[in-house]
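One gets my numbering by counting positions in the sequence shown from 1 and adding 3 to each.
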Amino acid sequence: MKRWASPKPVASQLGMDVLQQKLTGAQLPGFKAFGVKFSRMEITSFQLPSMRISFIPNVGLTVSIDQVTIKVHGAWELDLSTKSDCSGDFDLTVFGMSLSVDLSLGSDESGSPTVLPFGCNTYIGGVDVHVSAFIDWLITVFDIDSEIAREIKNKICPAVYDAAVKYLYPVLQNLPAAARLNKVVGFDYSLTGPPAETSDNLYVNVKGEIFGLLRRFTPPFSPRPMYLPDDQNLMIYIALSDYLFNSAWFAYQSAGKLVFNVTNEMIPKLNTLYFSFLIPQLEKLYPHMPMKLKITSPSAPSVNLNPGNVRLAPVLEIQAYALLPNASLAPLFLLKLTTEVFAEVSLHSNRIVGSVKCNRVQIELEHSDVGPFSVTLMAFTLNTIISTTVLPKVNEILSKGYPLPSLQDVQLKNLVLKQYKCSCYSLRKWAATCEMH
4 MKRWASPKPV ASQLGMDVLQ QKLTGAQLPG FKAFGVKFSR MEITSFQLPS
54 MRISFIPNVG LTVSIDQVTI KVHGAWELDL STKSDCSGDF DLTVFGMSLS
104 VDLSLGSDES GSPTVLPFGC NTYIGGVDVH VSAFIDWLIT VFDIDSEIAR
154 EIKNKICPAV YDAAVKYLYP VLQNLPAAAR LNKVVGFDYS LTGPPAETSD
204 NLYVNVKGEI FGLLRRFTPP FSPRPMYLPD DQNLMIYIAL SDYLFNSAWF
254 AYQSAGKLVF NVTNEMIPKL NTLYFSFLIP QLEKLYPHMP MKLKITSPSA
304 PSVNLNPGNV RLAPVLEIQA YALLPNASLA PLFLLKLTTE VFAEVSLHSN
354 RIVGSVKCNR VQIELEHSDV GPFSVTLMAF TLNTIISTTV LPKVNEILSK
404 GYPLPSLQDV QLKNLVLKQY KCSCYSLRKW AATCEMH
């Protein structure tokens with residue numbers, strides 16, 4: 004869930020920058036006044052001193068612009084019955100213009116945002132026209148500049164509607180519906196419905212699900228309702244529930260990627276001789292042979308976000324093998340491990356990153372191919388392996404993080420992470436920390 008609180012000046016500045024970039028060079032429809040055709044009209048300058056954004060509850064938002072100055076260059080031609088060449092260029096400046104546009108916000112079937120202008124009002128303070136001296140008298144006598152002002156006023160709203168479709172719609176759709184995170188999983192943050200507006204806030208609900216790229220399975224759990232704090236002082240709030248993290252575990256589990264192989268290349272003493280003091284019969288059956296430990300998770304771990312910590316209670320299985328001289332594997336024993344894992348979640352360069360640590364692992368012997376043995380001493384050995392080998396590998400993956408959804412060319416800085424009782428994380432961004440590139 005994302006909430007845009009009462010718009011701050013930086014949001015208006017970003018919108019102004021986009022409009023100035025996109026509307027400069029835009030074409031305006033031609034018109035005729037008092038026998039003079041005006042055509043090939045192109046906006047050469049679009050200056051926006053100020054912009055205001057306000058929400059329309061349950062509809063969308065209103066963009067209001069005051070004291071706009073537009074400069075246009077075009078061509079003129081006298082509409083004469085003769086074939087004489089009476090034409091030239093002209094420059095005009097529209098000043099003191101105000102513009103108010105109402106936009107309806109929604110979403111399409113793919114979960115991408117949509118925008119549709121449904122209301123527009125304009126006011127023009129005046130128009131200054133410069134043409135060749137040949138028809139300068141015509142401008143003065145017939146008061147063509149007033150006619151031009153009326154024509155420009157009539158053309159502005161259709162031009163704004165066209166610009167909204169051509170430029171504003173693609174800008175909003177730059178918030179992708181999904182992104183590839185690595186070779187295994189992707190991140191789906193498509194809209195789950197149209198944005199909801201109040202007089203002070205804009206709420207945007209996104210899916211926030213990690214999914215498998217090769218084959219996508221629907222998680223056997225649903226996201227819980229989330230609620231954002233009533234604080235109105237900040238520009239943007241983003242809430243993330245445990246659904247995001249649980250979907251990530253489920254995606255890796257479904258893809259068969261929650262598997263860690265520990266070999267003697269990683270731990271030089273990982274061989275039957277090393278384990279012979281724990282399992283005396285092991286060295287007799289497989290004398291001084293290298294071993295391999297295959298660590299799997301029979302079910303995806305469940306993440307619970309509680310005030311003060313992120314808790315997991317994974318169940319792991321360790322299948323031990325002896326590596327025979329012919330490179331085949333001889334099964335030795337199967338262990339069941341249970342523990343509590345606590346995660347720390349933080350933010351770094353617009354990405355959610357994390358690290359984990361765990362309590363002491365509890366071990367049970369599920370099956371043995373080398374006869375019965377006690378797992379009391381083995382618990383210490385496996386705890387050492389997990390802390391020195393397995394956890395660093397997991398933390399290496401988590402350190403790469405998951406990207407936060409954001410608009411193109413907007414960089415988030417100075418993010419603050421807070422945890423609430425609604426079992427969600429909320430990311431706070433100060434308005435002044437958004438930058439456009």
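The beta carbon of each residue, even a glycine, is placed where N, CA and C say it ideally should be.
Inter-residue Cα distance where the pair is residue i and residue j
{"i": "Val348", "j": "Pro120", "result": "40 Å"}
{"i": "Tyr289", "j": "Asn208", "result": "58 Å"}
{"i": "Asn249", "j": "Leu338", "result": "24 Å"}
{"i": "Ile282", "j": "Tyr246", "result": "42 Å"}
{"i": "Pro228", "j": "Tyr240", "result": "16 Å"}
{"i": "Cys89", "j": "Leu95", "result": "19 Å"}
{"i": "Gly374", "j": "Ile213", "result": "42 Å"}
{"i": "Met292", "j": "Lys396", "result": "25 Å"}
{"i": "Ile355", "j": "Gly77", "result": "51 Å"}
{"i": "Leu276", "j": "Ala325", "result": "11 Å"}
{"i": "Glu286", "j": "Phe280", "result": "9 Å"}
{"i": "Thr47", "j": "Leu106", "result": "25 Å"}
{"i": "Phe104", "j": "Asp131", "result": "According to the sequence provided, residue 104 is Val. The question's Phe does not apply to it. So the alpha carbons of these two residues sit roughly 25 Å apart."}
{"i": "Ala167", "j": "Ser67", "result": "14 Å"}
{"i": "Pro334", "j": "Thr299", "result": "15 Å"}
{"i": "Asn307", "j": "Leu385", "result": "26 Å"}
{"i": "Pro173", "j": "Phe224", "result": "34 Å"}
{"i": "Cys361", "j": "Lys295", "result": "23 Å"}
{"i": "Gln365", "j": "Leu319", "result": "10 Å"}
{"i": "Phe49", "j": "Leu31", "result": "13 Å"}
{"i": "Pro271", "j": "Ser257", "result": "32 Å"}
{"i": "Lys74", "j": "Asn157", "result": "16 Å"}
{"i": "Thr392", "j": "Ala382", "result": "15 Å"}
{"i": "Ala230", "j": "Leu216", "result": "Before going further, note that residue 230 is Tyr rather than Ala in the sequence given. C-alpha separation (whole angstroms): 30 Å."}
Per DSSP, cross-strand counterpart(s) of residue i
{"i": "Pro116", "result": "Ser110"}
{"i": "Trp79", "result": "Phe41, Gly91"}
{"i": "Asp233", "result": "Bridge partners of Asp233: none, in fact."}
Nearest candidate by alpha-carbon position, reference residue i, set the options
{"i": "Asp367", "options": "Val356, Pro375, Leu340", "result": "One point to set straight first is that residue 367 is Glu, not Asp, in the sequence displayed. Closest by alpha carbon: Leu340."}
{"i": "Glu200", "options": "Thr391, Phe58, Phe345", "result": "Phe58"}
{"i": "Asn353", "options": "Ser402, Cys361, Leu327, Ser390", "result": "Ser402"}
{"i": "Met238", "options": "Asp203, Ile159, Asn267, Leu319", "result": "Asp203"}
{"i": "Phe93", "options": "His133, Asp191, Val163", "result": "His133"}
{"i": "Gly122", "options": "Glu320, Ser358, Val163, Val75", "result": "Val163"}
{"i": "Val62", "options": "Leu216, Gly215, Ala382, Val118", "result": "Val118"}
{"i": "Thr387", "options": "Leu350, Phe345, Ile155, Leu273", "result": "Leu273"}
{"i": "Met269", "options": "Gln70, Pro226, Ile389", "result": "Ile389"}
Under the three-state DSSP convention, the category residue i falls into
{"i": "Ser358", "result": "strand"}
{"i": "Tyr289", "result": "coil"}
{"i": "Cys89", "result": "coil"}
{"i": "Ile159", "result": "helix"}
{"i": "Glu200", "result": "strand"}
{"i": "Arg153", "result": "helix"}
{"i": "Val393", "result": "helix"}
{"i": "Ala325", "result": "strand"}
{"i": "Leu51", "result": "coil"}
{"i": "Leu420", "result": "strand"}
{"i": "Phe383", "result": "helix"}
{"i": "Lys260", "result": "coil"}
{"i": "Pro372", "result": "Sequence inspection shows Asp at residue 372; the Pro mentioned does not correspond to that position. The answer is coil: DSSP assigns Asp372 none of H, G, I, E or B."}
{"i": "Asn274", "result": "strand"}
{"i": "Ser300", "result": "coil"}
{"i": "Ser193", "result": "coil"}
{"i": "Ala435", "result": "Confidence in Ala435 is poor, its pLDDT being 32 and thus under 50, which makes the residue's placement unreliable; the coordinate value appears in the next sentence. Note: Ala435 maps to helix in three-state DSSP."}
{"i": "Phe220", "result": "coil"}
{"i": "Lys339", "result": "strand"}
{"i": "Pro406", "result": "strand"}
{"i": "Leu64", "result": "strand"}
{"i": "Lys169", "result": "helix"}
Residues near residue i in its chain [Cβ-Cβ closer than 6 Å; skip 5 each side]
{"i": "Gly128", "result": "Phe98, Gly99"}
{"i": "Pro222", "result": "Ser250, Phe253"}
{"i": "Tyr126", "result": "Ser101"}
{"i": "Asn264", "result": "Lys297"}
{"i": "Leu184", "result": "Phe190"}
{"i": "Thr195", "result": "Asn208, Lys210"}
{"i": "Asn124", "result": "Ser103"}
Proximal residues to residue i (C-beta, below 7 Å), its chain only, five neighbours per side dropped
{"i": "Pro197", "result": "Leu108, Gly109, Ser110"}
{"i": "Pro10", "result": "Interpretation of Pro10 is limited by its pLDDT of 45, a score under 50 that renders its predicted location unreliable; the figure taken from the coordinates is listed afterwards. So the qualifying residues of the chain are Ile56."}
{"i": "Phe336", "result": "Ala323, Leu368, His370, Ser371, Asp372, Val373"}
{"i": "Lys40", "result": "Gly33, Trp79, Glu80, Asp82"}
{"i": "Arg218", "result": "none"}
{"i": "Val144", "result": "Because the pLDDT at Val144 is just 48, under 50, the model does not fix this residue reliably, and the value given afterwards should be weighed accordingly. Nothing listed; no residue qualifies."}
Any chain D beta carbon closer than 7 Å to residue i
{"i": "Gly28", "result": "No chain D appears in this structure, which consists of one protein chain only."}
Heavy atom of the ligand NAP within 6 Å of residue i beta-carbon
{"i": "Ser371", "result": "Ligands in the displayed structure: none, and consequently the ligand NAP is not present."}
Chain-order list of residues whose beta-carbon lies under 8 Å from that of residue i (same chain, five-residue window excluded)
{"i": "Leu394", "result": "Val359, Lys360, Cys361"}
{"i": "Ala182", "result": "Gly189, Phe190, Tyr192, Pro406"}
{"i": "Thr27", "result": "Ile46, Thr47, Ser48, Phe49"}
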